[in-house]
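**Q**
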């Protein structure tokens, strides 16, 4: 008799856990996609950037020339990790990755005016995370 009662209770418990997970999943997903604030992003000093990053950073502030056609193009911030801004505010620049046959995963993304950006951010993992570059 205990087996006959225990089986439905176990199924009910599993359904309850699944139900809770389904209710909480959208909340967890939305929390990850909410627009970031600059305060929630770690920083990195220019001197801590890899040598190629320091070179790219200097090129940005001197206005180029840039080695890749995509350098200086609009970065859409679809990941919503950087602070929310109007489209066209952010621009991306390639940071050369030694040994990479393509552009690699490293970038600097700057917001504001070219040559005098409001803020620049470094990513070494193709936009999965960013660190604000500080002087």
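In the numbering used here, the protein residues as written are 428 to 562.
We treat Cβ as the ideally placed atom computed from N, Cα and C, and that holds for glycine.
Note that this is a predicted model, so its numbers are computed, not measured.
Quick one, are the C-beta atoms of residue 551 and residue 528 less than 8 Å apart?
**A** As a first step, residue 551 must be located in the chain shown, where it is residue number 124. As a first step, residue 528 must be located in the chain shown, where it is residue number 101. For residue 551 and residue 528, no; Cβs fall outside 8 Å.
**Q** In the DSSP assignment, find the unbroken alpha helix (DSSP H) run with residue 489 in it and report its ends.
**A** To locate residue 489, count along the chain shown from 1; it is residue 62. Per DSSP, residue 489 belongs to the alpha helix (DSSP H) from 478-489.
**Q** Using the beta-carbon count (16 or more within 10 Å), is residue 536 buried or exposed?
**A** Translated into positions along the chain shown, residue 536 becomes position 109. So residue 536 ends up on the buried side.
**Q** Assuming residue 463 contacts residue 509 under a Cβ cut-off of 8 Å, what Cβ separation, rounded to an integer in Å, is found between them?
**A** Within the chain shown, the letter at position 36 stands for residue 463. Within the chain shown, the letter at position 82 stands for residue 509. Right, the Cβ-Cβ distance comes to about 6 Å (below 8 Å), so this counts as a contact.
**Q** Let me make sure I understand the geometry here. Which of 541, 516, 466 and 513 has the alpha-carbon closest to that of residue 492?
**A** Here the question's residue 492 lines up with position 65 in the chain shown. Nearest option by C-alpha distance: 541.
**Q** Secondary structure at residue 545, three-state DSSP: helix, strand or coil?
**A** Numbered from its first residue, the chain shown carries residue 545 at position 118. DSSP places residue 545 in strand when its eight states are reduced to three.
**Q** Please list, in chain order, all residues of the same chain as residue 561 whose beta carbon is under 6 Å from its beta carbon, the five residues on each side excluded.
**A** Walking along the chain shown from the start, residue 561 turns up at place 134. Result list for residue 561: 470 and 472, in chain order.
**Q** Are the C-beta atoms of residue 535 and some chain D residue less than 8 Å apart?
**A** This model lacks chain D altogether, as it is built from one protein chain only.
**Q** Have a look at 505, 480 and 559 and flag the residue whose alpha-carbon is nearest the alpha-carbon of residue 531.
**A** Walking along the chain shown from the start, residue 531 turns up at place 104. With distances taken between Cα atoms, residue 531 lies closest to 480.
**Q** What's the gap between the Cα of residue 523 and the Cα of residue 468?
**A** As a working note, residue 523 is residue 96 in the chain shown. As a working note, residue 468 is residue 41 in the chain shown. About 23 Å.
**Q** Let me confirm a value: residue 455 is counted as buried when at least 16 other C-beta atoms fall within 10 Å, else exposed. Which label applies?
**A** Residue 455 sits at position 28 when you count from the first residue of the chain shown. Any reading at residue 455 is ruled out, since the residue's pLDDT is 39, under 50, leaving its predicted position unreliable.
**Q** In this structure, how does DSSP classify residue 562 when only helix, strand and coil are distinguished?
**A** Mapped onto the chain shown, residue 562 falls at position 135. DSSP places residue 562 in coil when its eight states are reduced to three.
**Q** Kindly indicate the opening and closing residues of the beta strand (DSSP E) around residue 508.
**A** The sequence position of residue 508 within the chain shown is 81, counting from 1. No beta strand (DSSP E) contains residue 508, which DSSP labels as neither H nor E.
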